[in-house]
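Residue numbers (the working numbering): 9 to 116.
Where a beta carbon is used, it is the ideal one built from N, C-alpha and C, also for glycine.
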Amino acid sequence: MKKIAVLRCETVSEVCPGVGCLKAFHERRVHFKGTEEDAMLVGFFTCGGCSGRRVSRLVKSLLKHGLTTVHLSSCMLMDGDYPKCPHIDEIKKTLEKSGVEIVDGTHH
Ligand code: SF4
């Protein structure tokens, strides 16, 4: 069974409660389209601030709960209301090392 976590921007989390990401998962929309009905959301966490110091630790912890896939939140990837994350490549490398599937985006 697919076990998903959403990784989001610490800075943006100060102004965003994450409703868009969570709704997109539950409604299987946008970057969750085609996700199996029995897939579970097992984590919803922030990077811990620039330059993503919390990522490695929390992914390690989520792997103990069967984590298979990490969705990078749309706010980390888009240039718009918020600037795109300048540490995205580093964060992706950390995720790659852990062996999880990486999906770009959530609700945009
Ligand atoms: S590392 Fe990227 S995702 Fe994390 S707070 Fe900084 S800009 Fe946001």
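### Task
Please classify CYS115: is it buried, with 16 or more other beta-carbons within 10 angstroms of its beta-carbon, or exposed?
In the sequence shown, the residue the question calls residue 115 occupies position 107. In the sequence as displayed, the identity of residue 115 is His instead of Cys. Classification for HIS115: buried.
### Message
Quick check: THR102 and VAL63, are their CB atoms within less than 8 Å of each other?
### Response
If you number the sequence shown from 1, residue 102 lands on position 94. If you number the sequence shown from 1, residue 63 lands on position 55. It is a contact, given that the beta carbons lie within the stated cut-off.
### Query
Is THR19 near the ligand SF4, in the sense that its beta carbon is under 7 Å from a heavy atom of that ligand?
Against the sequence shown, residue 19 aligns to sequence position 11. Correct: THR19 has its Cβ closer than 7 Å to the ligand SF4.
### Query
Looking at C-beta atoms only, is the number of pairs between the region 89 to 109 and the region 48 to 66 that lie closer than 8 Å three or more?
Yes, they touch.
### Query
Do the CB positions of ALA47 and VAL38 come within less than 8 Å of each other?
Along the sequence shown, read from residue 1 onward, the residue named residue 47 stands at position 39. Along the sequence shown, read from residue 1 onward, the residue named residue 38 stands at position 30. Against a cut-off of 8 Å, the Cβ pair of VAL38 and ALA47 comes out as no contact.
### Message
Distance check for PHE52 and GLY107, CA to CA, integer angstroms please.
### Response
Locating residue 107 in the sequence shown gives position 99, counting from the first residue. Locating residue 52 in the sequence shown gives position 44, counting from the first residue. Their Cα atoms are separated by approximately 18 Å.
### Message
I'd like to know whether the C-beta atoms of LYS11 and GLY56 end up nearer to each other than 8 Å.
### Response
Mapped onto the sequence shown, residue 11 falls at position 3. Mapped onto the sequence shown, residue 56 falls at position 48. Not in contact: LYS11 and GLY56 (Cβ atoms no closer than 8 Å).
### Task
Spell out the partners DSSP gives HIS79 in its beta bridges.
Counting from one through the sequence shown, the residue named residue 79 turns up at place 71. HIS79 pairs with VAL14 and VAL111.
### Task
Give the secondary structure of GLY26 by DSSP, where H, G and I count as helix, E and B as strand, and everything else as coil.
Working through the sequence shown from its first residue, we reach residue 26 at position 18. Coil, per DSSP.
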